[in-house]
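What follows is one structure encoded as structure tokens, with my remarks underneath.
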Amino acid sequence: MPTRSSKLGLLLISLAFTLWLSGCASYSDSMRNAHQAMAASQAEYAEQILNKSLETQSSAHLPSSFEGDNILLLLERATVLQSLGKYDLAARDILVVDDHMVFVSLSNVDSIDLATYLYSDDAKDYVPPAYERLLLNTLNMINYLAIGDIQGAKVESRRFSLMEKFFLDDEETSLLNGILALGNYLGGATFEHARDYSEAARLYSRAWHFGVRYPEFQARLTDLLYLTGYKPHDIAALTDSEPLPELMEEVAIHGGMTFEQYRQKWMRGDTLVVVQTGLAPWRKAQRVPIGAAMAYSSNSSRFSSDTQTQLNMMVASGAISTVNFPMLTTMGLPPVRNVTIYVDGEPRPAGTHIDVSAQVTVGYAHLLPNLMAAAITRMITRAVAGQVTDQAVQAGGGGGFGALAGLALQAGMSAADTPDTRSWMSLPGDIRILRTSLPEGEHSINIAVDSRTDERSITIQEDSLNIMNFSRIR
Numbered sequence: 341m342p343t344r345s346s347k348l349g350l351l352l353i354s355l356a357f358t359l360w361l362s363g364c365a366s367y368s369d370s371m372r373n374a375h376q377a378m379a380a381s382q383a384e385y386a387e388q389i390l391n392k393s394l395e396t397q398s399s400a401h402l403p404s405s406f407e408g409d410n411i412l413l414l415l416e417r418a419t420v421l422q423s424l425g426k427y428d429l430a431a432r433d434i435l436v437v438d439d440h441m442v443f444v445s446l447s448n449v450d451s452i453d454l455a456t457y458l459y460s461d462d463a464k465d466y467v468p469p470a471y472e473r474l475l476l477n478t479l480n481m482i483n484y485l486a487i488g489d490i491q492g493a494k495v496e497s498r499r500f501s502l503m504e505k506f507f508l509d510d511e512e513t514s515l516l517n518g519i520l521a522l523g524n525y526l527g528g529a530t531f532e533h534a535r536d537y538s539e540a541a542r543l544y545s546r547a548w549h550f551g552v553r554y555p556e557f558q559a560r561l562t563d564l565l566y567l568t569g570y571k572p573h574d575i576a577a578l579t580d581s582e583p584l585p586e587l588m589e590e591v592a593i594h595g596g597m598t599f600e601q602y603r604q605k606w607m608r609g610d611t612l613v614v615v616q617t618g619l620a621p622w623r624k625a626q627r628v629p630i631g632a633a634m635a636y637s638s639n640s641s642r643f644s645s646d647t648q649t650q651l652n653m654m655v656a657s658g659a660i661s662t663v664n665f666p667m668l669t670t671m672g673l674p675p676v677r678n679v680t681i682y683v684d685g686e687p688r689p690a691g692t693h694i695d696v697s698a699q700v701t702v703g704y705a706h707l708l709p710n711l712m713a714a715a716i717t718r719m720i721t722r723a724v725a726g727q728v729t730d731q732a733v734q735a736g737g738g739g740g741f742g743a744l745a746g747l748a749l750q751a752g753m754s755a756a757d758t759p760d761t762r763s764w765m766s767l768p769g770d771i772r773i774l775r776t777s778l779p780e781g782e783h784s785i786n787i788a789v790d791s792r793t794d795e796r797s798i799t800i801q802e803d804s805l806n807i808m809n810f811s812r813i814r
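Residue numbers are given in my numbering: position 2 of the sequence shown equals residue 342, and the series is strictly consecutive.
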């Protein structure tokens with residue numbers, strides 16, 4: 341029969357092991373160097389770091405395993421490759437990510453299941469929030485358009501539309517209007533140049549509804565709505581009023597146009613300039629005071645009255661004082677940049693500007709009440725387990741051994757409650773788009789990001805959608 345001293349030895353070994361577990365690096369810790377390299381606009385160095393993490397000889401190779409963090413690291417590498425102009429490799433990496441990443445709507449999972457996405461001991465596969473899922477397809481549209489693969493861009497646009505329809509709840513649809521505007525706008529451009537004008541009208545109409553508003557786009561969409569006869573019934577479901585009234589009034593008095601005239605007016609030399617700067621907020625483990633945690637979770641419908649009563653008793657007794665939780669932070673991010681786009685030496689204003697950082701912030705805030713409720717519920721469950729263990733040992737005459745058992749269990753709980761800080765850390769903070777028509781031939785396109793510049797040339801083909809992406813300077 342084991343002696344008390346042997347039990348004590350086993351307990352101390354267990355305690356040491358759990359303390360070792362609690363010291364394991366989080367995802368944000370392991371991404372620190374690559375993240376800092378991106379913030380410093382050192383994309384080549386970030387690529388080297390990520391290849392080392394993926395254990396790949398170069399970006400031409402895929403990792404041997406897609407387990408653990410490799411899928412998310414592959415997404416980070418794809419973002420870096422896009423900034424380096426390696427669009428074919430970036431598109432391949434994102435396609436692999438799309439095939440392997442788990443997609444679950446975090447706003448529609450009960451609080452018990454939610455806890456499995458919050459802590460590193462439970463979380464196996466990375467589950468992205470809605471804003472990351474939508475941006476994955478959006479950025480891959482840019483990759484495919486940059487290499488002239490309209491069919492690939494169409495696939496990404498369709499995936500975006502499916503995620504928009506089935507992945508978002510009603511509140512997220514209103515909160516993530518910038519991302520929805522951007523994805524639908526790029527999808528509209530894709531189908532327009534694929535000569536699927538009805539689908540282009542549908543996507544452009546959604547882009548207008550969600551916030552892409554500038555005079556040239558209004559005129560373009562009015563012409564397209566007239567030609568296709570498209571009626572925005574899907575938008576009518578999102579609003580209590582008549583959809584797109586300002587556009588439909590102009591369509592009603594339209595002077596007439598043929599598809600050939602439309603192509604001559606809008607599609608010859610059609611050029612998109614995409615500028616991605618900054619980095620979006622990322623997740624960092626923080627000890628949230630229990631009062632603040634309770635305030636965050638107060639709007640959660642998944643926090644029962646019994647759980648609330650149990651929590652109040654534990655807070656009053658001092659059993660729970662903080663919640664270890666993955667909170668968003670802007671630590672180490674580059675500042676908001678002043679961006680100017682020059683075409684053939686002349687400054688041009690961007691017609692579209694999406695504040696991705698703000699979208700990430702509101703998107704995560706939408707999830708926060710239920711996520712925090714899940715974290716608190718988990719803490720209560722573990723605290724109760726600790727009390728039961730202590731009572732059982734005391735009933736068996738454990739004395740000081742019982743105290744040590746309680747200490748071991750508390751340490752184990754702390755180690756197990758290491759927040760999962762995984763997020764898409766290389767996401768840009770801002771995306772701007774300039775759209776213009778240029779004559780066939782060579783043109784210079786330069787951007788100034790604060791005091792830094794990136795100068796390039798582009799050969800315009802009149803019958804194609806021309807695109808140039810700038811995302812190296814963050």
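Just so it is clear, CB atoms sit at the ideal spot from N, CA and C, and this is done for glycine as well.
Q | Range of the contiguous beta strand (DSSP E) that encloses Ser815 | A | In the structure as shown, the chain starts at 341 and stops at 814, and residue 815 therefore has no counterpart that could be examined.
Q. Considering only the beta carbon of each residue, do Phe665 and Met712 sit closer than 8 Å?
A. The residue labelled residue 665 in the question sits at position 325 within the sequence shown. The residue labelled residue 712 in the question sits at position 372 within the sequence shown. For Phe665 and Met712, yes; Cβs fall inside 8 Å.
**Q.** Buried or exposed (CB count within 10 angstroms, at least 16 for buried), Gln422
**A.** Within the sequence shown, residue 422 is the residue found at index 82, counting from 1. By the neighbour-count rule (16 or more Cβ atoms within 10 Å), Gln422 is buried.
Q. Can you tell me whether DSSP reads Pro709 as helix, strand or coil?
A. Here residue 709 refers to the residue found at position 369 when the sequence shown is read from its first residue. Three-state DSSP puts Pro709 in a helix.
Q. Which of helix, strand or coil does DSSP assign to Lys624?
A. Here residue 624 refers to the residue found at position 284 when the sequence shown is read from its first residue. Correct three-state label for Lys624: strand.
Q) How should Ile519 be labelled, buried or exposed, when 16 other C-beta atoms within 10 angstroms of its C-beta is the threshold for buried? A) One-based indexing of the sequence shown puts residue 519 at position 179. Buried, since its Cβ has 16 or more Cβ neighbours within 10 Å.
(Q) If I measure Cβ to Cβ from Glu384 and keep anything under 8 Å in the same chain, skipping five residues before and after, which residues do I get? (A) For the purposes of this step, residue 384 is taken as residue 44 along the sequence shown, with counting starting at 1. Only Leu424 meet the Cβ criterion.
Q | Neighbourhood of Met441 by C-beta distance below 6 Å, restricted to the same chain and skipping five residues each side | A | Along the sequence shown, one-based indexing puts residue 441 at 101. Hits under 6 Å: Ile411.
Q) Can you name, in chain order, every residue of its own chain whose Cβ lies under 8 Å from the Cβ of Gly691, other than the five neighbours on each side? A) To locate residue 691, count along the sequence shown from 1; it is residue 351. Cβ within range, chain order: Val552, Tyr554, Glu556, Phe557, Ile773, Leu774, Arg775.
Q | Distance, Leu543 Cα to Tyr466 Cα | A | Looking up residue 466 in the sequence shown gives position 126. Looking up residue 543 in the sequence shown gives position 203. Distance between the alpha carbons of Tyr466 and Leu543 is about 29 Å.
Q.
For a test of the three-state rule: what should DSSP assign to Tyr570, helix, strand or coil?
A. Here residue 570 corresponds to residue number 230 of the sequence shown, with the count starting at 1. Reduced to three states, the DSSP call for Tyr570 is coil.
(Q) Taking 7 Å as the limit between beta carbons, can you name the residues of its chain near Asp790, skipping five residues before and five after? (A) Stepping through the sequence shown from its first residue, residue 790 is reached at position 450. So the list reads Arg677, Asn678, once near-sequence residues are dropped.
Q) Which residues bound the beta strand (DSSP E) around Gln648? A) What you label residue 648 is simply residue 308 of the sequence shown in a count that begins at 1. Gln648 -> not in any beta strand (DSSP E); alpha helix (DSSP H) instead, spanning 645–657.
Q) Would Phe506 count as contacting chain B if we go by Cβ distances under 8 Å? A) Any reference to chain B falls outside this structure, which holds one protein chain only.
Q. Roughly how many whole angstroms lie between the Cα atoms of Leu805 and Arg718?
A. Along the sequence shown, one-based indexing puts residue 805 at 465. Along the sequence shown, one-based indexing puts residue 718 at 378. Near 52 Å, if we compare the C-alpha coordinates of Arg718 and Leu805.
Q: Quickly, what does DSSP pair Ile487 with across the bridge? List them, please.
A: Sequence index remark: in the sequence shown, residue 487 carries index 147 (1-based). Beta-bridge pairing links Ile487 to no other residue.
Q | Nearest-angstrom Cα separation, counted from Tyr471 out to Gly527 | A | Here residue 527 corresponds to residue number 187 of the sequence shown, with the count starting at 1. Here residue 471 corresponds to residue number 131 of the sequence shown, with the count starting at 1. So the alpha carbons of these two residues sit roughly 17 Å apart.
Q.
According to DSSP, is Ser583 part of a helix, a strand, or is it coil?
A. Numbered from its first residue, the sequence shown carries residue 583 at position 243. For clarity, residue 583 is Pro in the given sequence; the question names Ser instead. Pro583: coil per DSSP, three-state reduction.
(Q) Are the CB atoms of Ser766 and Glu416 within a distance shorter than 8 Å? (A) The residue you call residue 416 lines up with position 76 of the sequence shown. The residue you call residue 766 lines up with position 426 of the sequence shown. Result yes, Cβ atoms of Glu416 and Ser766 sit closer than 8 Å.
Q: Under 8 Å by Cβ, that's how I've got Ala545 and Ile575 pegged, so tell me the actual separation to the nearest angstrom.
A: To locate residue 545, count along the sequence shown from 1; it is residue 205. To locate residue 575, count along the sequence shown from 1; it is residue 235. A small correction: the amino acid at residue 545 is Ser; Ala does not occupy that position in the sequence shown. Ser545 to Ile575, Cβ: 6 Å. Contact.
Q) Could you give the distance in angstroms between the alpha-carbon of Ala400 and the alpha-carbon of Pro759? A) In the sequence shown, residue 400 corresponds to position 60, counting from 1. In the sequence shown, residue 759 corresponds to position 419, counting from 1. Approximately 33 Å between the Cα atoms of the pair.
Q | Residues bridged to Glu686 (per DSSP) | A | Within the sequence shown, residue 686 is the residue found at index 346, counting from 1. Partner(s): Val683.
Q: Identify, in the order they occur along the chain, each residue of the same chain with its Cβ nearer than 6 Å to the Cβ of Ile487, setting aside the five sequence neighbours on each side.
A: Counting from one through the sequence shown, the residue named residue 487 turns up at place 147. Taken in chain order, the residues that qualify are Tyr427, Asp428.
Q: Could you check the C-alpha separation between Leu435 and Pro621 for me, to the nearest Å?
A: Numbered from its first residue, the sequence shown carries residue 435 at position 95. Numbered from its first residue, the sequence shown carries residue 621 at position 281. Approximately 24 Å between the Cα atoms of the pair.
Q) What residue ranges within the segment 366–436 form continuous alpha helix (DSSP H) runs of no fewer than 4 residues, ordered along the chain? A) 367–370, 372–379, 383–394, 410–423
Q) Could you check where the alpha helix (DSSP H) with Asp760 kicks off and where it finishes? A) On the sequence shown, residue 760 is found 420 positions in, with the first residue counted as 1. Where Asp760 is concerned, there is no enclosing alpha helix (DSSP H), given that its DSSP letter is neither H nor E.
(Q) Tell me which residue opens and which closes the alpha helix (DSSP H) that Phe289 is part of. (A) Residue numbering for the chain in the displayed model covers 341 to 814; residue 289 lies beyond these limits and cannot be assessed.
(Q) Helix, strand or coil, according to DSSP, for His549 in the structure here? (A) To locate residue 549, count along the sequence shown from 1; it is residue 209. Helix at His549.
Q) Quick one, are the C-beta atoms of Leu567 and Met597 less than 8 Å apart? A) The sequence position of residue 567 within the sequence shown is 227, counting from 1. The sequence position of residue 597 within the sequence shown is 257, counting from 1. In this structure, Met597 lies closer than 8 Å to Leu567 by Cβ.
**Q.** Anticipated Cβ contact below 8 Å, Pro768 with Gly672, distance rounded
**A.** For the purposes of this step, residue 768 is identified with residue 428 of the sequence shown, where counting begins at 1. For the purposes of this step, residue 672 is identified with residue 332 of the sequence shown, where counting begins at 1. Pro768 to Gly672, Cβ: 15 Å. No contact.
Q.
Let me check understanding here. Comparing Cα to Cα, which of Tyr636, Ala559, Ile807, Thr611 lies closest to Val591?
A. Looking up residue 591 in the sequence shown gives position 251. The candidate whose alpha carbon is nearest that of Val591 is Ala559.
Q. To which residues of the same chain is Leu413 closer than 7 Å at the C-beta, ignoring the five residues directly before and after it?
A. Against the sequence shown, residue 413 aligns to sequence position 73. Answer for Leu413: Leu390, Ser393, Leu394, listed in chain order.
Q. How big is the Cα-Cα spacing for Pro709 and Val613?
A. Position 369 of the sequence shown, counted from the start, is the residue given in the question as residue 709. Position 273 of the sequence shown, counted from the start, is the residue given in the question as residue 613. If you take the alpha carbons of Pro709 and Val613, they lie about 38 Å apart.
Q) Considering only residues of the same chain and omitting the five flanking positions on each side of Ala521, which have a CB-CB separation below 6 Å? A) Within the sequence shown, residue 521 is the residue found at index 181, counting from 1. The answer, listed in chain order, is Ala547, Phe550, Gly551, Val552.
(Q) Spatial neighbours of Met305 within its chain, please: C-beta separation below 6 Å, excluding the five flanking residues on both sides. (A) With the chain covering 341 to 814 only, the question about residue 305 has no answer from this structure.
Q) When the distance is taken between beta carbons, is Asp770 closer than 8 Å to Val696? A) Along the sequence shown, one-based indexing puts residue 696 at 356. Along the sequence shown, one-based indexing puts residue 770 at 430. Contact flag set, yes.
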